[in-house]
């Protein structure tokens with residue numbers, strides 16, 4: 003069984019999400035409507051509209067679940083065992099050597115195939 007409690011969706015969630023979407027659209031329209039104004043003010047205005055929209059979304063069940071996802075992601079990131087500098091350097095060098103070997107192999111294969119096709123063309127072309 004799933005041990006996580008099922009969150010109840012509020013009847014106001016959908017109107018809140020639509021309001022947040024309308025605010026973002028209004029901010030975008032305003033950004034282009036005031037094209038003659040200084041870009042800094044337009045960007046700050048757009049960011050303010052987006053911040054208000056995000057604040058509204060965070061009050062919905064969707065916003066809370068997104069926030070929970072980011073919180074759990076951060077906790078998971080802390081548990082990762084990151085490689086040491088030596089391991090990273092060795093792995094990078096191994097990858098570079100393998101790439102060079104494959105490149106040389108493909109180059110030799112290209113030369114061989116070009117020679118073979120050229121020989122076949124000389125035989126057939128007379």
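Residue numbers (this note's numbering): 3 to 128. Where is the CB? At the ideal position from N, CA and C, for every residue including glycine.
- A contact is defined here as three or more CB-CB pairs under 8 Å, and the region 45-63 fails this definition with respect to the region 72-85.
- Annotation: the continuous alpha helix (DSSP H) that includes residue 94 extends over 87-127.
- Within a 10 Å sphere around the beta-carbon of residue 51 sit 16 or more other beta-carbons, which makes this residue buried.
- The DSSP-derived three-state label of residue 62 is coil.
- Rounded to the nearest whole angstrom, the C-alpha separation of residue 36 and residue 42 is 12 Å.
- One alpha carbon belongs to residue 34, the other to residue 27, and they sit about 11 Å apart.
- Taking a 10 Å sphere around the C-beta of residue 55, we find 16 or more other C-beta atoms and assign the residue as buried.
- Where residue 82 is concerned, there is no enclosing alpha helix (DSSP H), because DSSP gives it neither an H nor an E.
- Looking at the backbone, the Cα of residue 57 and that of residue 68 are separated by about 13 Å.
- Boundaries of the alpha helix (DSSP H) harbouring residue 28: 15-35, taken from the DSSP string.
- Residue environment for residue 62: buried (at least 16 other C-beta atoms within 10 angstroms of its C-beta).
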